[in-house]
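Structure first, commentary second.
Residue numbers (this note's numbering), protein chains in the order written: chain L, 2 to 335; chain U, 2 to 335; chain A, 2 to 335; chain Z, 2 to 335; chain V, 2 to 335; chain D, 2 to 335.
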């Protein structure tokens, strides 16, 4: 059982209910999320010792987020509390040709305002992996500095680093950070990176022609060349056919070769948010036992399942990942 | 910004909730509708000065309907109040091979009982368009007379007339009115008519052979021949594949030619009621600025979107109509 | 109007709401079910004199189940009450690649514990048919004995016997009963049996090769050979494409020949539980008037409709079965 | 077990949910009611053979009402169906100084429109009591005639008549009927009348001075004098302290004397509608076994309990009426 | 019909549902509020021409708030839109000895960030009254400056000024503003002030001994002495007996004398938020027709009623204020 | 921070929603409870290291219960899983004179069936207190034996024992255990006992005359005499005025003397279940720091608060217990 530290912000999702628009909904359903927290929750359910490094406001909303994470089995003892506001996002689920819409409301959160000067070194003791994403450095210069410092401290303390690029143009634009430089510095510390050809293009400054497997391979080679410490690159490839019908494939590249899984169809999607985080958790679950192929298969299973689970977080057990690939019937299990 | 007067009855929809049958539902969800009111609400949201001409009961239900319309930005100052009952309809949404079912309960409403002797002439001042539909004349002889009188008064006052045929056999049968004569008298005043080949056949007494574009063209020519004042005929064509899967196309005919849009698929339909009214509003939105092609494109966009918006009324902004045609991805917009 | 007695256990279904997993649902929706009770409820709605033979606990839960059945028009005057617990099952509806899950919690119910020594002979007076299923004998040796005794008493009293095989491996395993012997003894009394090639294979000890119609035919012949009193065998054949998309066909075999209906597609499934019971009720509805073809058509219509009706029980009227086959449009009926 | 026929209209209550005003409620909760139906439902639960004489529309709403009544154990086989609308009433529950509000919408119902010419004589066969109320004659001249004809036919057939005055000024005003004459004709047939001093004053044309017991006694004497066939008069007396806090007493007068029960306090009222009907059922439950004192005690218990049961109908068993008076503790019963 | 301009921020209330704590609630119910907007909504319903001066974010949340206000009949054409976030507050309703809790989350809102440099002079044209509160100046120096500038511009344009002190210590502490100086400058412009002895003490720097009427009188005299332009001071006095049981009285002082209304009891409180704003609207409703006594009676009626109306805003009509004082019974109105 | 081990069964509460009876409720709200688990959850929230010793079924229901407890911060690592069913109880909340009703359905649970042969000795390592209740020994002979063995092992390992008598006659009757002997054996090990004069009478075989403080004192003296190891006896005294209005006092007795707190009124009760467990947790919270007076005050505060918190478990923080006694106002905290 590995100990994985996940560093990032917890958010409350407030989503319009009963298929309504925000213009008409009577209320918002509450879900706790955050890219790195979603990874932590999935890893804890998969049997790992997952701990969250974060800062929550000392309000009833912060209490709520912490309890939710704890309910999934995540070690929340390292989470700090301070005055401030909770990061929020409002979600209007899409339907048919009407895309879902997100209104972010995370500026000025206790997390973003409180990172400066926090010393996480004690929290790293006993850790095997540190998982971070490109969202935190995109929140502003302070957040970027804190993320890089933590990544380097973790590496110095002997932890392995997992980085989900999670490129969000709107956040980088708002903060004005130099995404290529900041993400490059983080990638230089990473052993495992989640990112597709667009992410690698951002990091290396070079685009990749072609399609599918070829393009994925080229991007991976470029990333391995640019970042000598990198051992694994994993990515999903999503094709959106409608708000509730997507197709998803996944691959993982090592310096020795690649494993590319066939595309699977996902129709009648319930909630696609957090699928990327479920993928990351599944890949880590496999890699921790040294098996990249198991990783990408676990990752695609978890990602696919997440589309049919309400909320930001994957819910299940390790055995469910196997059932996904083995199941012969989709009829009700009595 | 044109001022469009919409004349007709407001109804309360009472719909079984949570996918239940009326036999088992715990309650009814409330939505405010009515064909012409739906047009008014959409036009107001699209930036026009839309006003409703109607009669509501002086009950809590009438208050509710009025507030809903006002919330969408419609000018409700011309709505009259009197004793009586609110027109209702009960709705059991369909699923798969089980068609949706509507139980109308609008007989004896304050609107239908109260139209006689109402003088709307003051309400016409400042108006650019009057929008009516074939539903009101189908409610009975008094309602038919009142509709025709209003249409003629509007024309005399210089307003342009828009008529949605909205042929409902059950209503005409119940009232025993002469649909062809009454609708013909209204069509004779109209500049814009919403109706397909079946509507034109009813008006002209001649059916149209063939399929698709050819039949649409023939019907339009016949209508233009029969009604010299008519300048535009717009219609959608719907193919129902299942309760939640339809295909929809649209066309507009002018005396100069026709614009026919390709059929689009609508799957995972949420609520198809009011799609025709959304189409009418979209067409008017385009025509007001003198552009029939924009009209039919706005109309089909609004009609398609309405299938995925709960309630009788289209909800959105003018920009959403453009997004419908331009959008490259249907994934969540962050 | 025939009088059909249905013998079996009533269960409460407790289902996670709003698409949630059991891990996260705020509450359970309540539905009353039970294979034989579902048949009784459908037959009562179809105009027959359906009566339930069962035992319910004398608790508020038992009251609830009894009232639900009575609301559907079933004669509940023969149901007995005693101390004990209500049989329950918890249901987590599936979505996409996530199959629905059922957690049975029916061990030790008032029904299973109370069957020994109950004399149902008075209840048989005036009955035309007795309908039983393979679920009750699977609950344990006492239940199996009681079922067989009742079947024989019914036959002796001149009733016709209908048997739904309803093979549930988990129940038989738990009770350790000899399924082949016990079901064979019941089949020997039956005039009508619901069961497919797998059920017949269990009864006869011989499997059936081939596919579709041929395999169905072979199984029917084997059953007719094994059970001289058997006149009809009816079965559906289901292909599961996803949690909400199935394909369903049906056939009925007589000693004179077979009627096989084409497969129909069912997409956007709402609730598939009880579809087999709806099929049984539809078949009985036809057979009671002596028309096997009407039976299988009614059966497939009812089974298909049930997939789109929330709860365990089919809801409708006899005319709805005809509408299913005649309907030209699936659009809303106004 | 007596057979009691209850004659009157079934209504659907549509009530604003979650404490909201009709102006803001998202939906209406559905309850089935009607004064005489409420009595029937309570009597059936108390173990009597209660049958409903009514007319329901042949719509999904009519089906719903019928199933609800049947669920409570009422014999619904005498209910007729015809085209028309369902009687409705909309309810906005009160709170504190804000009184509850009812918007009636029962004009033109299938019941009121369909009573003329219906021959109920077959329905009377086997009946012991007929229960009617002053609501039906208030619906219009046809309804009044039909009620009186039925009352007389019942008396001729040997049934005992129970009449709940249920004086509703707004209904009598709307229909323009002569309440005193019509109600007097019915009272002349009644053995049991539910009515207080105001009802008797209406019937006799004389008011009653004084308070409480004295006034009740004087009114009873006047009624007994005016209606020689009358044997029992029962009434509750209500004092309203706030929307959710009332005080209730009850009395029954015979020609031999009166039984007056002390006032009891009802605070935290959940739903007071139907309390009078529960009282009537409780009184009948006692009188049927010839015990007026048991009647008034059962009546007050049922009336009091009804204030704390959602919906129009009392829900319980005969034993619950005893528990009401015997219970030593109001803490949770484990 | 007077035109009253209300200046202030609109907020979304997100409240835990079904009596749950924020720690456990499944979702938040949405209500639109804001002290000055609540006054505008009530005045519009009372028949006045109420217009809102505010700034809303150009998001789906801003759209929602604007539509809600428009639904109540408020003129929203003067509301400006800009980028930014919506002011929020989270509410956990109290029960028994557990007080309700509010988590404010309004820092950095589009309103607070956007007030600088806005020129409202055009908006003042045609106005009779400007209503402001002490909340806006408490939001920060820019907000305070903008409020004072607007107040003075309104006075210069001939409008009468109404000021609700609405002292919120937590807001003043957070912004660090000089409450006495800033509120004093506003009070110097006001003709009508809502404030009790504590508010006057803050403004004048002198506390008031004694109790009840005497203390109220002394405070009013001090305020009249300090602010020569002040003609009316109105206030409620609340005594909290439990989360759902309060007692409320009200008074208005003029330079000629005072009207003090007796305390009334409010038990079973549903939602006390916005009661002070309802009071302000009621007082203005009376004063606009020059009748301070009507003002304070309307004010106390509206305030009392608001405790029993879900949401931030009073809902009703002018006649409801009279009914409050005249009503003889609190039983359901049929 | 003390480590407290709580031993007992976890139950799911399934409660009728929206004030409905079980006869009519649409669904059941889910809450996780169990007397000892409720204590553990409260202690964890109060800052202690609380761990649960229990057995849960390896089903989705067991997962749910475990996650709920973990969400409150309880150490769930000692909980065992096995095949079997989850203990349930169905709850119909009371109102006014209608008492709440509980239908227990816990027979044959995985906990009760699985206790035999479980070795908890490893779980005791590091523990300071063991908390048990009289519920587990009442479940049957095996459960009683296991409880006593655990209690003795804990004492042998140096833990202090806390025993909540929690006398449930219906459980003891069903299992046929000798309550006096079994509870006496447990009391002989306890340092702290929760029980009132009735519990002590059961243990000592002697009743206690008198009222209130005197009776409490006499019972405590008898208990101290009977059980030499006992140092503290704590109890609440409840008077039920109605389903939602109780009065509660509390006392703690030591060998040196007693602290008796005055009765407090609780009106508008939301959910009284679990109040006794909240009391136990509060007392332990105080006693752990050696302060019996703080214990009884914390206990009564927690118990009172629990009446206004939905669910079985107290929710809050240590500071909330102080606020209960210090709070000056019950108005909303902004």
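Glycine residues also receive a C-beta, built at the ideal position from the N, C-alpha and C atoms. As the structure is a prediction and not an experimental result, all values here were calculated from the model.
Exercise for review: Along the beta strand (DSSP E) that carries residue 225 of chain L, what are the first and last residues, could you check?
Suggested key: As a working note, residue 225 of chain L is residue 224 in the first chain. Per DSSP, residue 225 of chain L belongs to no beta strand (DSSP E); it is in the alpha helix (DSSP H), 213-227.
Review point. Any C-beta of chain L sitting closer than 8 Å to the C-beta of residue 57 of chain A?
Key: Counting from one through the third chain, the residue named residue 57 of chain A turns up at place 56. Not closer than 8 Å to any Cβ of chain L, the Cβ of residue 57 of chain A fails to qualify, so no.
**Study point:** Per-residue contacts from residue 71 of chain U into chain V (C-beta, under 7 Å)
**Key:** Taking the first residue of the second chain as 1, we reach residue 71 of chain U at position 70. The contacting residues are 71, 72 and 74.
Review point. For residue 130 of chain L, which residues does DSSP report across the bridge?
Key: Walking along the first chain from the start, residue 130 of chain L turns up at place 129. Beta-bridge pairing links residue 130 of chain L to L:5 and L:161.
Exercise for review: Quickly, what does DSSP pair residue 58 of chain A with across the bridge? List them, please.
Suggested key: Start at 1 with the first residue of the third chain, and residue 58 of chain A comes out as number 57. Paired residue(s): A:83.
Practice item. With 8 Å as the threshold, decide whether the Cβ of residue 84 of chain V is near any Cβ in chain U. Key: Counted from its first residue, the fifth chain places residue 84 of chain V at position 83. With 8 Å as the cut-off, residue 84 of chain V does not count as an interface residue toward chain U.
Review point. What is the residue span of the beta strand (DSSP E) that residue 198 of chain Z lies within?
Key: For this step, residue 198 of chain Z is matched to residue 197 along the fourth chain. That residue, residue 198 of chain Z, is in no beta strand (DSSP E); its alpha helix (DSSP H) goes 198-205.
Exercise for review: Find the residues of chain D that neighbour residue 65 of chain A, judging by a C-beta separation of less than 8 Å, and give them in chain order.
Suggested key: Taking the third chain and counting its residues from 1, one reaches residue 65 of chain A at position 64. Those are 23 and 24, listed as they occur along chain D.
Check your understanding: Comparing the C-beta of residue 43 of chain Z with each C-beta of chain A, is any distance below 8 Å?
Key -> Taking the first residue of the fourth chain as position 1, residue 43 of chain Z is located at position 42. Closer than 8 Å: no.
Check your understanding: If you run the structure through DSSP and keep just helix, strand and coil, what is residue 210 of chain V?
Key -> Translated into positions along the fifth chain, residue 210 of chain V becomes position 209. Coil at residue 210 of chain V, not helix or strand.
Check your understanding: Applying the criterion that 16 or more other CB atoms from any shown protein chain within 10 Å of the CB defines a buried residue, is residue 326 of chain Z buried or exposed?
Key -> Residue numbering aside, residue 326 of chain Z sits at position 325 when the fourth chain is read from its first letter. Exposed, by the Cβ-count rule.
Review point. Hey, does residue 104 of chain D have any beta-carbon neighbour from chain A nearer than 8 Å?
Key: The residue labelled residue 104 of chain D in the question sits at position 103 within the sixth chain. It does: the Cβ of residue 104 of chain D has a partner Cβ on chain A nearer than 8 Å.
Practice item. Taking only the alpha-carbon atoms, compute the straight-line gap between residue 78 of chain Z and residue 162 of chain U and give it to the nearest angstrom. Key: Residue numbering aside, residue 78 of chain Z sits at position 77 when the fourth chain is read from its first letter. Residue numbering aside, residue 162 of chain U sits at position 161 when the second chain is read from its first letter. Distance between the alpha carbons of residue 78 of chain Z and residue 162 of chain U is about 54 Å.
Practice item. Kindly say whether residue 246 of chain A, judged by its beta-carbon, lies nearer than 8 Å to any beta-carbon of chain U. Key: Within the third chain, residue 246 of chain A is the residue found at index 245, counting from 1. Residue 246 of chain A does not count as touching chain U.
Practice item. Would you decide whether residue 98 of chain U is buried or exposed? Buried here means 16 or more other CB atoms lie within 10 Å of its CB. Key: Translated into positions along the second chain, residue 98 of chain U becomes position 97. It counts as buried.
Practice item. Using only alpha-carbon positions, find the residue among A:279, A:139, A:186 and A:149 that is nearest to residue 177 of chain A. Key: Position 176 of the third chain holds residue 177 of chain A. Closest by alpha carbon: A:139.
Exercise for review: Identify the contact partners of residue 306 of chain A in chain U, using a Cβ-Cβ distance below 9 Å as the criterion.
Suggested key: Indexing the third chain from 1 puts residue 306 of chain A at position 305. Under the 9 Å cutoff, chain U gives 97, 98 and 99.
Review point. Would DSSP call residue 266 of chain L helix, strand or coil?
Key: On the first chain, residue 266 of chain L is found 265 positions in, with the first residue counted as 1. Residue 266 of chain L: strand per DSSP, three-state reduction.
Point to revise | residue 215 of chain D to residue 241 of chain D span [Cα, whole Å] | key: Walking along the sixth chain from the start, residue 215 of chain D turns up at place 214. Walking along the sixth chain from the start, residue 241 of chain D turns up at place 240. Rounded to whole angstroms, residue 215 of chain D to residue 241 of chain D spans 21 Å at the Cα level.
Check your understanding: Using DSSP with H/G/I as helix, E/B as strand and the rest coil, what is residue 297 of chain D?
Key -> For the purposes of this step, residue 297 of chain D is taken as residue 296 along the sixth chain, with counting starting at 1. Helix, per DSSP.
Practice item. Check the DSSP bridge columns for residue 260 of chain A and list the partner residues they point to. Key: Here residue 260 of chain A corresponds to residue number 259 of the third chain, with the count starting at 1. Beta-bridge pairing links residue 260 of chain A to A:253.
Exercise for review: Tell me whether residue 314 of chain D is buried or exposed, calling it buried when 16 or more other Cβ atoms sit within 10 Å of its Cβ.
Suggested key: Position 313 of the sixth chain, counted from the first residue, corresponds to residue 314 of chain D. Buried, because 16 or more other Cβ atoms sit within 10 Å of the Cβ of residue 314 of chain D.
Check your understanding: How about residue 327 of chain V: is its C-beta nearer than 8 Å to some C-beta of chain L?
Key -> Residue mapping note: residue 327 of chain V aligns to position 326 of the fifth chain, counting from 1. It does not; no Cβ of chain L falls within 8 Å.
Exercise for review: Reducing DSSP to helix, strand and coil, say where residue 40 of chain L ends up.
Suggested key: If you number the first chain from 1, residue 40 of chain L lands on position 39. In the structure shown, residue 40 of chain L sits in a helix (DSSP, three-state: H, G or I).
Point to revise | Three-state secondary structure (DSSP) of residue 237 of chain Z | key: Counted from its first residue, the fourth chain places residue 237 of chain Z at position 236. In the structure shown, residue 237 of chain Z sits in a strand (DSSP, three-state: E or B).
Check your understanding: Count the other CB atoms within 10 Å of the CB of residue 229 of chain U; is the residue buried (16 or more) or exposed (fewer)?
Key -> On the second chain, position 228 is the one that residue 229 of chain U refers to. Label assigned to residue 229 of chain U: exposed.
Point to revise | Classification of residue 239 of chain U by the beta-carbon crowding that lies within 10 angstroms, buried from 16 upward | key: Position 238 of the second chain, counted from the first residue, corresponds to residue 239 of chain U. Classification for residue 239 of chain U: buried.
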